[in-house]
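Chemist: Sharing a structure here in structure tokens format.
Residue numbers (this note's numbering), protein chains in the order written: chain A, 741 to 1053; chain B, 741 to 1053; chain C, 741 to 1053.
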């Protein structure tokens, strides 16, 4: 933890404008619900007015148009949630591991590590791997040979980069393995969640562009491309050779078929299975609504009859 | 393996009542289908009467009301399946690892381990972690700093506790990371399956209460609470800040949206996506029924027309 | 990398027939789209005629009936994709790790390793495990005690074999653990993708037969049987005691209920939840079609009314 900082010191570092006591000393961030004395919180949406009214936070970050919603000392900023994120970074700079290679990690001699890289306990870094400056690999990350990771990457525990893609060809009832000779190329400022897997390419590389954020337990198949600044929530699967645009957001447990193209600025809802290319920006959803079990059973039976073209009896 | 025990010795330890030869010697448990001489099986449901009639087990555990369904030596118990579980524990006490810290594990000096804890090969235990008495971590579990695990925990291989939650804020087309400064608190008697991940909280803690049972490859987002004695099957994803009650059961591959509340004693069916709070106990389901592929294709096309308000042609 | 080989040398090793210059020297394989001088590609489907026309590959593998589709030097083979796989193996023989046990791996004294086995960094091999000849375990694979792996297995990083199945019995609002005393038996020529988990059996064994191919992040519950030469794509979950036939293909993110039987030669589409036994070969699908979000919302509301038996208004 760093700090404390006054509201005035915060805006001198991060911009924005103080309304109220600029000398107020802040020690930590907190949620509207749980923040207490010495803590600063934020309001990202005026719907949370009731929580704002009840908060015991010492100060609040909010948008200029919401200035009048509170009498607390406050910082006005255009993107209060992003501003809050930066304030939290200010107070909590040292969440990452110490830099250097943990003695229990296994790093190939031919791997090239940038400056100020942190390799956690039990990591395994293969031949010919490159890792950019200021990257942090938490414990037990595995990177297969000949993959590259950009600068300022954060790879969480259990991540596997560069395992073979699922390439098999049928012959007389058996499967013949197709060597996976491509690699994985990951850009700068990428974060990858715990136990996520990104397969190496069959012939060409699998590519994750700069600024991509992947949550936990995501599977990225061989030869996928994920465009810059796309964010994907947990448990999503992306089949081989899918080409996903820039600035997309994909909800949790979504599934993307292989060999399809998704345009920039597409949003896919959680739990949605995308089976064909999406060439127009927008939000796409395909969730079968749940119901109380007996009602679902009757409804599903009726829909099955309707789907078969029978009249509803 | 321990034993053998006579039926009489079993009921003197675990309760229940013997019908038939109390001196019959039992050496192991088995399924109705595969048990042989010296083995005891169980009948949990009178629907399995045919298997009971055909079994070659030496003895059977069943409910008092089913006493007459077999002439075999038997133990009558109110909850035959739970009773069988305890009998199996009697015969198979030593499935867990030896206690102590494996020399290849990496345990921070500031971590506090209780009595009789077992830390498997390749585990990584961060600063300030506490682990309660009699807990067993199988190989390659990672616990990030400042998380706590209760007593008698069982954490299977590949579990990751306390990785950063997926907290990012948009700003001008890029993502700003929100430091995840909460921890994970796990109660007593919790079991967590292989490769399951539980993220640390953004500001407050992620909480898993006592007696929770999690299967493999489950993802628990930041600031989730899972109430006591809830059981969740494999491949389920729980998004951030979901608040799940006590004594719930959640089927495999279910998905729970973030920021919703699920009451105590709710049952969610496998493969169901829960998109809003469930404040009433009961069973909830939302599965799109499968069909033979061509029939599904015709049916899906017809349902799409109906969903658009067109008459069925 | 091995080679180069002439087209003539390739067919003398792998069969097929050369049309054109049999002395043409090939150095590597490539896709129709990206292959260049010295590279051989393949045409598996005459639909890709346009890519074939545009390719800069030096030679192509294709089916005898497609011989006239190109004027390039070519190899005619009955199964061009499988033939291509073998050609790629010829040029890329050494993708696997070196044989031997990495010094950081932890192998129980009672484990039995076959000839030419490769055990990667950080693997943990339990008591009584057997691993067949020529098998390769990439880094950080965990095999619990008393499981067996066949010959020529490929297990990718993060795989966990033999963790406890999810066996719990309810008693007075709490869960009693059922010891999982079966093992896992895996046949010859099985490949298992990164972070996939296969649980040990409750009483009897979990069985993966020869030639099965499993992609990443698959969960296989206790007492499942997967028949020979079945291939399963990523993120699929298979619940306990499911019995899956031989020569099946199961798409990504499918979910198979427990205690059901799937015949040989069944194909399950990606994202489909199979809730009952499939005793007839064929393809089965159950995907709820996605739509643009607002259209989906209206359609889902209308379907809910129809499912409740209300007239469409």
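Beta carbons are placed, not taken as given, at the ideal position from N, Cα and C, and that holds for glycine.
Please list, in chain order, all residues of the same chain as residue 901/A whose beta carbon is under 6 Å from its beta carbon, the five residues on each side excluded.
Modeler: 883, 887, 924 and 938
Chemist: What separation, rounded to the nearest whole angstrom, lies between the Cα atoms of residue 786/A and residue 970/A?
Modeler: Each residue's alpha carbon lies about 27 Å from the other.
Chemist: Would you list the one or two residues that DSSP bridges to residue 1024/B?
Modeler: Paired residue(s): 1032/A and 1008/B.
Chemist: Within 10 angstroms of the Cβ of residue 1049/B, are there 16 or more other Cβ atoms? Answer buried if so, exposed if not.
Modeler: Exposed.
Chemist: Identify each residue in the region 895-908 of chain C for which the Cβ-Cβ distance to at least one residue of chain B is less than 7 Å, and report them in chain order.
Modeler: 898, 900, 903, 904, 906 and 908
Chemist: List the residues that DSSP assigns as beta-bridge partners of residue 986/A.
Modeler: Per the DSSP secondary-structure output, residue 986/A pairs with nothing in a beta bridge.
Chemist: In whole angstroms, what is the alpha-carbon distance linking residue 928/A and residue 988/C?
Modeler: 41 Å
Chemist: Can you check which of these residues, 837/A, 858/A, 867/A and 840/A, is closest to residue 850/A by C-alpha distance?
Modeler: Minimum Cα distance to residue 850/A is reached at 867/A.
Chemist: With C-beta atoms as the reference, is residue 907/A less than 9 Å away from residue 825/C?
Modeler: Yes.
Chemist: In this structure, does DSSP put residue 1053/B in helix, strand or coil?
Modeler: The predicted model places residue 1053/B with a pLDDT of 46, which falls under 50 and marks its position as unreliable; any figure quoted below should be read in that light. For residue 1053/B, the secondary structure class from DSSP, reduced to helix, strand or coil, is coil.
Chemist: Does the Cβ of residue 999/B have 16 or more other Cβ atoms within 10 Å, making it buried, or fewer, making it exposed?
Modeler: exposed
Chemist: Once DSSP output is grouped into helix, strand and coil, what is the label at residue 814/B?
Modeler: In the structure shown, residue 814/B sits in a strand (DSSP, three-state: E or B).
Chemist: Residue ranges of each beta strand (DSSP E) run of no fewer than 3 residues wholly in the region 800-885 of chain B, ordered along the chain?
Modeler: 814-816
Chemist: Below 7 Å CB to CB, which residues in the same chain sit around residue 831/A once its five sequence neighbours on both sides are set aside?
Modeler: 741, 742, 743, 768 and 769
Chemist: Have a look at the DSSP bridge pairing and note the partners of residue 912/C.
Modeler: In the DSSP output, where bridge partners are listed per residue, residue 912/C has none listed.
Chemist: Report yes or no: do the region 938-950 of chain A and the region 939-948 of chain C share at least 3 C-beta pairs separated by less than 8 Å?
Modeler: no
Chemist: Is there at least one Cβ from chain B nearer than 9 Å to residue 1039/C's Cβ?
Modeler: yes
Chemist: Going by other Cβ atoms of all chains shown within 10 Å of its Cβ, with 16 needed for buried, is residue 1039/C buried or exposed?
Modeler: buried
Chemist: Comparing alpha-carbon positions, which option in 935/A, 1014/A and 820/A lies nearest residue 991/A?
Modeler: 1014/A
Chemist: Below 9 Å between beta carbons: does that hold for residue 985/C and residue 1002/C?
Modeler: yes
Chemist: Counting only runs that start and end within the region 894-961 of chain C, where is the beta strand (DSSP E) found for 3 or more residues in a row?
Modeler: 908-911, 914-917, 924-926 and 946-948
Chemist: At 8 Å on the CB atoms, spell out the chain F contacts of residue 1043/A, in chain order.
Modeler: Here chain F cannot be found, since the structure's protein chains are A, B and C.
Chemist: Nearest-angstrom Cα distance between residue 865/C and residue 745/A?
Modeler: 52 Å
Chemist: Give every residue of the same chain whose Cβ lies closer than 7 Å to the Cβ of residue 1008/C, excluding the five residues on either side of it in the sequence, and list them in chain order.
Modeler: 990, 991, 994, 1014 and 1024
Chemist: Could you tell me whether the Cβ of residue 821/A comes closer than 9 Å to any Cβ of chain C?
Modeler: no
Chemist: Looking only at its own chain, which residues have a Cβ that is under 7 Å from the Cβ of residue 841/C, when we skip the five neighbours before and after it?
Modeler: For residue 841/C, where only same-chain residues beyond five positions count, the Cβ hits under 7 Å are 847 and 859.
Chemist: What residue from 772/C, 751/C, 771/C and 773/C has the CA that sits closest to residue 763/C's CA?
Modeler: 751/C
Chemist: Quick one: what's got a C-beta closer than 7 Å to residue 979/B's C-beta in the same chain, skipping five residues either side?
Modeler: Answer for residue 979/B: 961, 996, 997 and 998, listed in chain order.
Chemist: Does any residue of chain A have a CB that is nearer than 9 Å to the CB of residue 742/C?
Modeler: It does not; no Cβ of chain A falls within 9 Å.
Chemist: Would you grab the beta carbon distance between residue 798/B and residue 756/B for me? Rounded to a whole angstrom, and I think it's under 8 Å.
Modeler: In fact, because the Cβ distance is near 16 Å, the residues do not count as touching under 8 Å.
Chemist: Expressed to the nearest angstrom, what Euclidean distance is found between the alpha-carbon atoms of residue 1044/B and residue 821/C?
Modeler: 36 Å
Chemist: I'd like the list of long-range same chain contacts for residue 837/A, defined as Cβ closer than 8 Å, with 5 residues on each side in sequence excluded.
Modeler: 858, 860, 876 and 878
Chemist: Kindly list the residues whose CB is nearer than 7 Å to the CB of residue 1053/B, restricted to its own chain and excluding five residues on each side of it in sequence; keep chain order.
Modeler: Bear in mind that a pLDDT of 46 at residue 1053/B, under 50, signals an unreliable position, so the model cannot answer this.
Chemist: Under 9 Å, do residue 973/A and residue 955/A count as touching if we go by C-beta distance?
Modeler: Between residue 973/A and residue 955/A, the gap from beta carbon to beta carbon is short of 9 Å.
Chemist: Taking the CB atoms as reference points, tell me whether residue 772/B and residue 788/B lie closer together than 9 Å.
Modeler: In this structure, the beta-carbon distance from residue 772/B to residue 788/B falls below 9 Å.
Chemist: In terms of residues, what are the limits of the beta strand (DSSP E) holding residue 781/A?
Modeler: 779-782
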